[in-house]
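Enquirer: Take 2 as the starting number for the sequence shown in our numbering and just add one per residue.
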Amino acid sequence: ILAYLETARKEGAEILCGGGPVTPDDPELAGGLYIAPTVIGGCTDDMTVVKEEIFGPVLCVLPFDTEDEVIERANATEFGLAGAVCTDNLSRAYRVVSQIEAGSCNINTFNNFPAQIPFGGFKHSGFGRELGEECLSYYSQTKSVFVETGDPWCPFD
2 ILAYLETARK EGAEILCGGG PVTPDDPELA GGLYIAPTVI GGCTDDMTVV KEEIFGPVLC
62 VLPFDTEDEV IERANATEFG LAGAVCTDNL SRAYRVVSQI EAGSCNINTF NNFPAQIPFG
122 GFKHSGFGRE LGEECLSYYS QTKSVFVETG DPWCPFD
């Protein structure tokens, strides 16, 4: 994560807050590797931190002018694990998330993954789903069996 943040700086982005390691006060968390929640401004679509999935507390801010533009830009990636829309206009939120190519979309929240809801990505962000009933298919194999209970027809008799 720190390497991504350094790359962002080199590519011209600005770390607006966070951006470094932190040590939690809780002694039970001692020895872990923690990064402060980080907001990066001055981002453009061609930056590494925008194009790649960073599995850490990093948010890239990219301004946009139109709804169509932001949908096109959001989908112009080879990844599609999750996305979020923050707005007080729920009609707009539903319209936008219905067009976002991501396995999970949140409206006015982020990182909500209840156990009963399938989770997984689109494109290069994986295949299949974890959680929910849908994931049970990965632990089973379907077999179809047909039984004739009347006078069976058999060409080999």
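For every residue, glycine included, the Cβ atom is placed at its ideal position computed from N, Cα and C. It should be emphasised that the depicted structure is a prediction, and the values quoted were computed from it without experimental measurement.
Hey, out of Ala103, Asn107, Leu60, Glu102, whose CA is closest to Thr88's CA?
Expert: The shortest Cα separation from Thr88 among Ala103, Asn107, Leu60, Glu102 belongs to Asn107.
Enquirer: In whole angstroms, what is the alpha-carbon distance linking Thr39 and Thr24?
Expert: Approximately 15 Å between the Cα atoms of the pair.
Enquirer: Is the number of C-beta pairs between the region 67-86 and the region 29-38 that are closer than 8 Å three or more?
Expert: No, because fewer than three Cβ pairs between the region 67-86 and the region 29-38 fall closer than 8 Å, the two stretches do not touch.
Enquirer: Out of Leu132, Pro153, Ser105, point me to the one whose CA is closest to Phe123's CA.
Expert: Of the candidates Leu132, Pro153, Ser105, the one whose C-alpha sits nearest the C-alpha of Phe123 is Ser105.
Enquirer: In this structure, does DSSP put Cys1 in helix, strand or coil?
Expert: Not covered by the structure: residue 1. The range shown for the chain is 2 to 158.
Enquirer: Grouping DSSP H, G and I as helix and E and B as strand, with all else coil, what is Glu7?
Expert: If DSSP states are grouped into helix, strand and coil, Glu7 belongs with the helices.
Enquirer: With distance defined between alpha-carbon atoms, name the residue in Gly43, Gly133, Thr78, Glu70 nearest to Cys61.
Expert: Of Gly43, Gly133, Thr78, Glu70, the residue nearest in Cα terms is Gly43.
Enquirer: Rounded to the nearest angstrom, how far is the Cβ of Ile41 from that of Ile16, given a contact under 8 Å?
Expert: About 6 Å separates the two Cβ atoms, so the contact holds.
Enquirer: Quick one, which of Phe114, Thr78, Glu68 has its alpha-carbon nearest Tyr95's?
Expert: With distances taken between Cα atoms, Tyr95 lies closest to Glu68.
Enquirer: Select from Val71, Glu131, Leu3 the residue whose C-alpha is nearest the C-alpha of Val50.
Expert: Checking every option, the nearest Cα to that of Val50 belongs to Leu3.
Enquirer: Which one or two residues does DSSP pair with Pro22 in a beta bridge?
Expert: Pro22 is bridged to Ile36.
Enquirer: Hey, which unbroken runs of the beta strand (DSSP E) at 3 residues or more fall wholly within the region 64-152?
Expert: Listed in chain order, they are 83-86, 105-108.
Enquirer: In terms of DSSP beta bridges, what is Val51 paired with?
Expert: Answer is none; Val51 lacks a bridge partner.
Enquirer: DSSP has Leu60 in a bridge; who is on the other side?
Expert: Note: Leu60 sits in a beta bridge opposite Val40.
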